[in-house]
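The structure appears below as structure tokens.
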Amino acid sequence: MGKPIIQIRNLMKSYKLGGETIHALNNVSIEIESGDFLAIIGPSGSGKSTLMNMIGCLDRPQSGTYLLDGKDIGKMNDNQLAVIRNQKIGFIFQNFNLLTKLSALENVELPLLYAGIPTKERRERSIESLDKVGLKERARNLPTQLSGGQQQRVAIARALAGNPSILLADEPTGALDSKTSQEILFLMKELNELGHTIILITHDLMIAKQANRMVSIQDGQLQENGGELFGNFAIY
Ligand SMILES: Nc1ncnc2c1ncn2[C@@H]1O[C@H](COP(=O)(O)OP(=O)(O)OP(=O)(O)O)[C@@H](O)[C@H]1O
Ligand SMILES: [Mg+2]
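No gaps in the numbering here: position 32 of the sequence shown is 32 in UniProt numbering, and each next residue is one more.
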């Protein structure tokens with residue numbers, strides 16, 4: 001810990017919609033250290049996914065700067081961003097985003113296939129990845145043959161297969177019951193202890209509180225520790 005892996009300064013992102021401008025990210029600044037486990041909490045429409053897309057290099061700042069491992073993301077072209085995403089970032093989503101016709105193993109293998117990893121190594125790394133999430137025995141199962149929590153584990157294994165330094169999770173427990181959510185959170189804590197930097201987006205204060213650090217976002221503005229905004233969280 002200690003070294004900043006992410007340095008974001010005065011980041012702006014707005015959308016123009018029918019004459020109206022929505023400031024989805026309004027002057028956001030944050031530093032995230034390598035090895036950290038950060039939770040970002042905020043109500044619907046507050047800018048969480050917009051920020052995740054930015055951190056995940058799916059988007060570029062309109063103004064402000066984003067340095068990832070010291071590299072200026074705002075200056076990269078689409079191909080360079082794709083390479084960085086592939087090497088450094090594993091994505092985890094609320095609805096797992098697994099391909100239903102592929103087995104658990106094939107789902108995990110897919111990003112490695114796109115990355116041009118040869119068959120044997122691809123298979124080995126994917127099995128290892130499924131082992132890390134406790135699902136090696138279910139490698140041949142289709143997503144429909146797995147529970148929600150197991151499907152999310154497969155998605156986490158897929159995110160891990162490329163051995164990314166950063167795991168970005170957008171509401172990873174949003175579709176799960178509270179017991180299963182807690183299990184997924186334990187798994188993420190284990191992965192954090194193995195050295196992955198984790199950024200977790202959630203509506204759920206009970207989940208967010210278990211991270212090492214928590215920031216809240218409202219109307220595109222970030223606040224350390226959730227601040228006074230916690231008063232509002234009872235409504236969701
Ligand atoms: N492509 C877009 N075009 C126009 N407005 C957008 C677009 N994407 C997001 N927004 C707006 O930006 C704001 C932030 O959206 P964002 O998806 O980041 O919220 P969120 O915090 O992830 O919400 P949720 O908890 O519902 O997922 C919202 O007001 C949203 O309507
Ligand atoms: Mg969202």
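Every residue gets a Cβ at the ideal spot worked out from N, C-alpha and C, and that includes glycine.
- In the structure shown, Lys88 adopts helical secondary structure according to DSSP, grouped into three states.
- Residue pairing by DSSP places Asn26 opposite Met12 in a beta bridge.
- With the rule of 3 Cβ pairs closer than 8 Å, the segment 77 to 84 does not count as touching the segment 105 to 114.
- By DSSP's assignment, Ala39 forms a beta bridge with Leu200, Met214.
- Counting other Cβ atoms within 10 Å of its Cβ, Tyr66 reaches 16 or more and is therefore classed as buried.
- Shortest Cα-Cα distance from Thr197 to any of Leu17, Asp69, Gly47 involves Asp69.
- In the DSSP assignment, Asp170 falls within the beta strand (DSSP E) that extends over 166 to 170.
- Short note on Lys48: C-beta closer than 6 Å to some heavy atom of ligand 2.
- Between Lys179 and the set Asn192, Arg158, Met206, the nearest pair of CA atoms involves Met206.
- A straight-line Cα-Cα distance of about 31 Å links Phe91 and Glu20.
- Between Leu185 and Gln150, the alpha-carbon positions lie close to 13 Å from each other.
- Separation of the CB atoms of Val108 and Arg140 is rounded to 12 Å, and the pair is thereby denied contact status at 8 Å.
- Nearest in C-alpha terms to Leu25, of all of Ile40, Ala39, Ser46, Leu17, is Ser46.
- Contact between Ile201 and Glu171 is confirmed by a C-beta separation of about 6 Å, below the 8 Å threshold.
- Placement of the Cβ of Gly45 at a distance of less than 6 Å from at least one heavy atom of ligand 1 is found.
- For Ile41, the CB stays at least 6 Å from every heavy atom of ligand 1.
- Under the DSSP definition of a beta bridge, Ser103 lacks any partner.
- Under the three-state reduction of DSSP, Gly162 is assigned to coil, being neither helix nor strand.
- About 5 Å separates the beta carbon of Pro164 from that of Lys88, a gap short enough to meet the 8 Å contact definition.
- Here Phe96 carries a coil assignment [DSSP, helix/strand/coil].
- In this structure, Lys13 sits near Thr50, with a CB-CB distance shorter than 7 Å.
- With a cutoff of 6 Å, Ile92 does not count as near ligand 1, since its C-beta is closer than that to no heavy atom of the ligand.
- Following the DSSP letters along the chain, one finds Leu68 inside the beta strand (DSSP E) bounded by residues 63 to 68.
- Using a 10 angstroms sphere on the CB of Gln145, the tally of other CB atoms stays under 16, which defines it as exposed.
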